[in-house]
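One line per chain: the protein sequences are R and G, in this order. In this text, residue positions in the first sequence follow UniProt numbering: the first is 1, and each later residue adds one. In this text, residue positions in the second sequence follow UniProt numbering: the first is 1, and each later residue adds one. Here a beta-carbon is modelled for each residue, glycine too, at the ideal position from N, C-alpha and C. Just so it is clear, the structure is predicted and the values come from calculations on it, not from any experiment.
2 protein chains.
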Amino acid sequence: MSQQRHGSTPGEADGVPAFPDLPEATIARLPEYLRALHHLAETGAETVSSEGLAAAAGVNSAKLRKDLSHLGSYGTRGVGYDVALLVDQIEYILGLDKNRAVCLVGVGNLGHALAGYAGFASRGFRVVALFDADPKKVGEQINGLTVQHTDDLERIAAEESIAIGVIATPPGTAQAVADALVAAGVTSILNFAPGVLSVPSNVDVRKVDLAIELQILSFHEHRKASLTALPGGRSAPPASGDQEAVGS
Amino acid sequence: MSQQRHGSTPGEADGVPAFPDLPEATIARLPEYLRALHHLAETGAETVSSEGLAAAAGVNSAKLRKDLSHLGSYGTRGVGYDVALLVDQIEYILGLDKNRAVCLVGVGNLGHALAGYAGFASRGFRVVALFDADPKKVGEQINGLTVQHTDDLERIAAEESIAIGVIATPPGTAQAVADALVAAGVTSILNFAPGVLSVPSNVDVRKVDLAIELQILSFHEHRKASLTALPGGRSAPPASGDQEAVGS
DNA sequence: AGGTGTGAATACGTTCACAGCG
DNA sequence: CGCTGTGAACGTATTCACACCT
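Dropping the structure here:
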């Protein structure tokens, strides 16, 4: 209600493109909507209802409608959302039209896999540099890129105007890598190393820890086991489902 | 206040071990506390204050104290928390003393890296089986395990009483793999494939999508860029930091 | 009708601030 | 006196239910 810039074409960012501050929870779901929309577009759908898109994205329709309403979106009452238009809107909001340069630090087990991960390129990301501290790895060719030494990280990251740095090093070196990235002007970091990174407040850090995910699942296993073992308990109470049946 | 089972030794699960239902947000942070505690234990610390542990885990102390209070935890006022005791408590709650069997489906780029990921074994998880649908990969040895065909997944997963299944296949086959896991009695799934899995409500699914993380960072890059471009805006407003300086 | 957009109601999570214990 | 544990206040996210548009 505060600012509805209906007439602004998304791609055209002349001055200030009316950037709404979306709730974090909404932002985290937009990529999922986008994936679902791309899938729908491939199957030839022109429009989707909130119900349909919500099912494809694994959320309920009320949440989806509220999320989309935040970005002042176009839907047609009685019809639904225009798939192509919504794709453009979300890609614009997420800044995926910018084809951002990504560098990857740490070409071990995991880093090697990330370097070859197709999902990065298929969204608007270009992996443009690989780094490792191990002299034996420097010079190695991975996916058309040559691994460079981390000593050169700061210089090269600045030269290539890297937008996002991905850290896949052992925990001990992660902070030093983060410092180098920050010094090179990188303001977004995706961290796969366990542990806390300390960075200036204008730098965004997202963390992915595979072991943590397993531990959370382990907790739920433990909980489920102790429920079924309950003396007076029913054998399998229908837990409040997090991700319910969606009927593909 | 409702149930404080102070006298119950964690490891001893004779009957019903007073399982509190912790908030999801708390559960998600427990592994982080655990990692910080292990680190502290290595440096020889016997006790920590909420302030100290919070800093090591990257949260503020009020949050940490509330989280720990939920598991009816032992802290000594005026002193802090006993590191060793808290480690035991959290490991018990998370069910990490059960040494759960994990299987990994999809030994491609990412799956290969996961199979060799040290972080799994170092917490209480044993990767006991690897599967792939590609006949060329079946028979391959990775980290001491032989890759088996996904046709045998259901049988083997049941035999080995797998607790957690990790899906690292292409999106197209993820649902079929999930179905097989569920049929084998697996009730926890960690999914690296993009897309929504539909499973019975008693099965927990956690999803990790590397491309989504980058897209979220991209949004924030976009937002930061549009802020600094603001006509009347200051050049770098101190955004409400998500992960602030922690002073290592 | 059919389906979006949205106030109002509810649930959940975080932060404050301090009582009370060691 | 220091630090935990916790009610109360606040803020954020989800869900409901329906007015309103096509």
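Inset, instruction - Taking only beta carbons into account, state which residues of the segment 207-218 of chain R come closer than 9 Å to chain G, listed in chain order. - result: LYS207, VAL208, ASP209, LEU210, ALA211, ILE212, GLU213, LEU214, GLN215, ILE216, LEU217 and SER218
Legend entry - Cutoff 6 Å; reference LEU153 (chain R); Cβ partners in own chain excluding five residues on either side: PHE131 and ALA180
Legend entry - Nearest neighbour of PHE192 (chain G), chosen from R:LEU197, R:VAL208 and R:SER198 [CA to CA]: R:VAL208
Inset, instruction - Please confirm if PRO135 (chain R) has its CB atom under 8 Å from at least one CB of chain G. - result: Chain G, which has no Cβ nearer than 8 Å to the Cβ of PRO135 (chain R), makes this no.
Legend entry - Within 8 Å, strictly: CB atoms of PRO23 (chain G) and HIS70 (chain G): Cβ distance < 8 Å, so PRO23 (chain G) and HIS70 (chain G) count as in contact.
Inset, instruction - Measure the CB-CB distance between GLY124 (chain G) and LEU96 (chain G) and report whether it falls below 8 Å. - result: yes
Legend entry - Where PHE120 (chain R) meets chain G, residues with beta-carbon distance less than 7 Å: ALA211 and LEU214
Legend entry - Inter-residue spacing [alpha-carbon to alpha-carbon] between ASP51 (chain R) and ASN60 (chain R): Before going on, a small fix: residue 51 (chain R) reads as Glu here, not Asp. In this structure, the alpha-carbon of GLU51 (chain R) lies about 7 Å from that of ASN60 (chain R).
Legend entry - Local Cβ density within 10 Å of GLN141 (chain G), reported as buried at 16 or more and exposed below that: exposed
Legend entry - Cutoff 6 Å; reference GLY172 (chain R); Cβ partners in own chain excluding five residues on either side: none
Inset, instruction - Apply the 10 Å Cβ neighbour rule to ALA84 (chain G) and answer buried if 16 or more other Cβ atoms are within range, or exposed otherwise. - result: exposed
Inset, instruction - Taking ARG223 (chain G) as part of the alpha helix (DSSP H), name the residues at either end of that continuous run. - result: 210-228
Inset, instruction - Give the residues of chain R in contact with ASN73 (chain G), contact being defined as C-beta atoms less than 7 Å apart. - result: Here the sequence assigns Ser to residue 73 (chain G), which means Asn is not the residue at that position. Result: empty, since nearest Cβ-Cβ is about 16 Å, beyond 7 Å.
Legend entry - Contact set between ALA176 (chain G) and chain R, taken where Cβ atoms lie within less than 7 Å: Near ALA176 (chain G) there are no residues of chain R at all, since even the closest Cβ is about 11 Å away, more than 7 Å.
Legend entry - Where the segment 82-111 of chain R meets chain G: residues whose CB sits under 9 Å from a CB there: TYR92, ILE93, LEU94, GLY95, LEU96, LYS98, ARG100, VAL102, GLY108, ASN109, LEU110 and GLY111
Legend entry - VAL16 (chain G), DSSP secondary structure in three states: Residue placement at VAL16 (chain G) is poorly supported in this model, since its pLDDT is 47, which falls under 50; the coordinates still yield a value, given next. VAL16 (chain G) falls in the coil class under three-state DSSP.
Inset, instruction - Using a Cβ cut-off of 9 Å, pull out every chain R residue sitting near VAL128 (chain G), in sequence order please. - result: Neighbours of VAL128 (chain G) on chain R: none; closest Cβ ~14 Å, over 9 Å.
Legend entry - Residue from R:GLU160, R:VAL203, R:LEU37 and R:ASN99 with nearest C-alpha to ASP82 (chain R): Distance from the Cα of ASP82 (chain R) is smallest, within the candidate group R:GLU160, R:VAL203, R:LEU37 and R:ASN99, for R:LEU37.
Legend entry - Beta-bridge partners of GLN148 (chain R), as assigned by DSSP: BP columns for GLN148 (chain R) point to R:PHE131.
Inset, instruction - Might you give, ordered along the chain, the residues of its own chain that have their beta carbon closer than 6 Å to the beta carbon of ALA229 (chain G), omitting 5 neighbours on each side? - result: none
Legend entry - CB contact below 8 Å: GLY52 (chain G) versus chain R: no
Inset, instruction - Give every residue of the same chain whose Cβ lies closer than 7 Å to the Cβ of GLU12 (chain R), excluding the five residues on either side of it in the sequence, and list them in chain order. - result: Confidence is the limiting factor: at GLU12 (chain R) the pLDDT is only 40, short of 50, which leaves the residue's position unreliable and the question unanswerable from this model.
Legend entry - Opening and closing residue of the alpha helix (DSSP H) in which ALA41 (chain G) lies: 24-42
Inset, instruction - Find out if the Cβ-Cβ distance for the pair ASP53 (chain R), TYR33 (chain R) is shorter than 8 Å. - result: Looking at the sequence provided, one finds Leu at residue 53 (chain R) rather than Asp. Closer than 8 Å, so yes.
Inset, instruction - Would you mind listing the alpha helix (DSSP H) stretches within the segment 58-86 of chain G that are 4+ residues and don't spill past its ends, in chain order? - result: 61-70
Legend entry - Residue range of the beta strand (DSSP E) that includes VAL205 (chain R): Bounds of the beta strand (DSSP E) holding VAL205 (chain R) are 204-207.
Inset, instruction - Flag this pair as yes or no: are the beta carbons of THR169 (chain R) and GLY106 (chain R) separated by less than 8 Å? - result: yes
Legend entry - Validate contact between the segment 108-125 of chain R and the segment 107-119 of chain G using beta carbons, cut 8 Å, 3 pairs: yes
Legend entry - is_contact[ILE27 (chain G), chain R] using C-beta, thresh 8 Å: yes
Legend entry - Exposure label - ALA163 (chain R); buried when at least 16 CB within 10 Å: buried
Inset, instruction - For the alpha helix (DSSP H) containing ASN109 (chain R), list its first residue and its last residue. - result: 109-115
Inset, instruction - Return no unless some Cβ of chain R is closer than 8 Å to the Cβ of GLY172 (chain G). - result: no
Inset, instruction - Take the Cβ of SER188 (chain R) as the centre, count every other Cβ of all protein chains shown within 10 Å, and call the residue buried at 16 or more, exposed below. - result: buried
Legend entry - Residue closest to VAL203 (chain R), alpha-carbon to alpha-carbon, out of R:ALA158, R:ASP21 and R:GLY165: R:GLY165
Inset, instruction - Assign SER161 (chain G) to one of two classes, buried (16 or more other C-beta atoms within 10 Å of its C-beta) or exposed (fewer than that). - result: By the 10 Å Cβ count, SER161 (chain G) comes out exposed.
Inset, instruction - Output yes or no for whether 8 Å exceeds the beta carbon distance between PHE120 (chain R) and LEU214 (chain G). - result: yes
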